[in-house]
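**Q**
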Amino acid sequence: MKKYVRPVLAVVAMVCSFVAATMASSACLLFYYQPEEPKSLQD
Amino acid sequence: MEKLVEKLADAITAPLGYDSEQRAVVQYGLFAVVQILVVAAIISVFGIVAGCIWECWFSYLSVAILRKSTGGAHANTSNECLVISVLVISLIGLISRYFRLLPHALLIGLVICPVLFLVSCLIVYKKAPVDSEKKPIKSAEKIRRLRLISLVTLIIYALLAFLLFAVSFNNLIYLSLAVSLNLSVFWQSLTLLMAVKNKTVVDKNLKKGEQT
Numbered sequence: 012m013k014k015y016v017r018p019v020l021a022v023v024a025m026v027c028s029f030v031a032a033t034m035a036s037s038a039c040l041l042f043y044y045q046p047e048e049p050k051s052l053q054d
Numbered sequence: 032m033e034k035l036v037e038k039l040a041d042a043i044t045a046p047l048g049y050d051s052e053q054r055a056v057v058q059y060g061l062f063a064v065v066q067i068l069v070v071a072a073i074i075s076v077f078g079i080v081a082g083c084i085w086e087c088w089f090s091y092l093s094v095a096i097l098r099k100s101t102g103g104a105h106a107n108t109s110n111e112c113l114v115i116s117v118l119v120i121s122l123i124g125l126i127s128r129y130f131r132l133l134p135h136a137l138l139i140g141l142v143i144c145p146v147l148f149l150v151s152c153l154i155v156y157k158k159a160p161v162d163s164e165k166k167p168i169k170s171a172e173k174i175r176r177l178r179l180i181s182l183v184t185l186i187i188y189a190l191l192a193f194l195l196f197a198v199s200f201n202n203l204i205y206l207s208l209a210v211s212l213n214l215s216v217f218w219q220s221l222t223l224l225m226a227v228k229n230k231t232v233v234d235k236n237l238k239k240g241e242q243t
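Here it is as structure tokens:
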């Protein structure tokens, strides 16, 4: 079971990074709160 | 919600040995995913209970898609954001659902909705995209691209609204969806105006601070 934890976490991290990159190319997040954007995603 | 996301991001990135910047990117994406899922879950429950699930989802999607390119006003905290999002979407869903029970609902809709839509288009055309302090938009190319996407989105919404009104003559259920779409676009354009107003006040205060 333990050997699957790392790959699963890596996939989750990859999906989150993809969403972050998508949101970075838009004007803001979809709803009414905008957290600080990470430096590597700024213009 | 922010603290929960922070803990989740730690739990995901710590075993993978990510550095602080990689962790911040994962946290940013995770926050967006959690925000989308939580709002979707709450409005679904409200929609089922109040009998307006389709109207709520129509409003949810149309606000989210348009907001992605136009930007708009933001709450100070994530919980405030959650409350505003759920309240506004639920209210639009409810109004749209019960609008069709009004006498001459179709006629009223055919008069009010195009006016609201045109006003919204004008606001979006003049003001979009509006950036925020936490996510400034500096590149001219990006501003042009976002403005173009906003206008294309509005054209698609206009075609959809026209189609929904056309089929409303046979079935008033579609009138609710058309009203939901129009109210969502109007609300989004109002948040643009609020954001512009807030930004002007902040800029003035900053200039005053620099002069003193």
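As given, the protein sequences belong to chains A and B, one line each in that order.
Residue numbers for the first sequence follow our numbering, so the first one is 12 and each next one is one higher.
Residue numbers for the second sequence follow our numbering, so the first one is 32 and each next one is one higher.
All C-beta atoms in this analysis are idealised placements derived from N, C-alpha and C, irrespective of residue type, glycine included.
Since the structure is predicted, the reported quantities are computational estimates derived from the model, not experimental observations.
1) DSSP three-state call for serine 151/B: helix, strand or coil?
2) Please classify glycine 102/B: does DSSP put it in a helix, a strand, or coil?
3) Does the separation of the CB atoms of valine 30/A and glycine 60/B fall below 8 Å?
4) Kindly list the residues whose CB is nearer than 7 Å to the CB of isoleucine 43/B, restricted to its own chain and excluding five residues on each side of it in sequence; keep chain order.
5) For chain A, is any of its Cβ atoms less than 8 Å away from the one on glutamine 66/B?
6) Taking the alpha helix (DSSP H) that glutamate 52/B falls in, what are its first and last residues?
7) Going straight from the alpha carbon of valine 227/B to that of methionine 32/B, what length do you get?
8) So leucine 177/B contacts chain A; which residues on that side make the cut at Cβ distance below 7 Å?
9) Figure out for me which residue from Ala81/B, Leu194/B, Ala45/B and Ile126/B has the closest Cα to the Cα of proline 145/B.
10) Is valine 22/A close to chain B? Criterion is C-beta to C-beta, closer than 8 Å.
11) Considering only C-alpha positions, which residue in the set Ser207/B, Leu179/B and Ile115/B is nearest to alanine 192/B?
12) Could you confirm whether any beta carbon from chain A is found closer than 8 Å to the beta carbon of lysine 166/B?
13) Which of helix, strand or coil does DSSP assign to serine 37/A?
14) Could you check how far apart the C-beta atoms of serine 90/B and serine 211/B are, in whole angstroms? I think they sit under 8 Å.
15) What residues match up with lysine 166/B in a beta bridge as DSSP calls it?
16) Report the neighbours of threonine 101/B on chain A: residues whose CB is nearer than 7 Å to its CB, in chain order.
17) Taking asparagine 202/B as part of the alpha helix (DSSP H), name the residues at either end of that continuous run.
18) Strictly below 9 Å CB to CB, what residues from chain B border lysine 50/A?
19) Is asparagine 17/B helix, strand or coil when you go by DSSP?
20) Comparing C-alpha positions only, which one of Pro134/B, Leu203/B and Lys34/B sits nearest to threonine 108/B?
21) In its own chain, which residues sit with a C-beta less than 6 Å from the C-beta of leucine 203/B, not counting the 5 before and 5 after it?
**A** Quick answer:
1) helix
2) strand
3) Between valine 30/A and glycine 60/B, the C-beta spacing is below 8 Å.
4) Result list for isoleucine 43/B: Val57, in chain order.
5) yes
6) Residues 51-81.
7) 27 Å
8) Using a Cβ-Cβ cut-off of 7 Å, leucine 177/B is close to Ala38 of chain A, given in chain order.
9) Leu194/B
10) Answer no: the Cβ-Cβ gap between valine 22/A and chain B never drops below 8 Å.
11) Ser207/B
12) yes
13) In the three-state reduction of the DSSP assignment, serine 37/A falls in the coil class.
14) 5 Å
15) Ser163/B
16) Ala38
17) From DSSP, asparagine 202/B is part of no alpha helix (DSSP H); its letter is neither H nor E.
18) Glu52 and Ala55
19) The structure shown has nothing for residue 17/B, since chain B only spans 32 to 243.
20) The residue with the shortest Cα to Cα distance from threonine 108/B is Lys34/B.
21) Arg131
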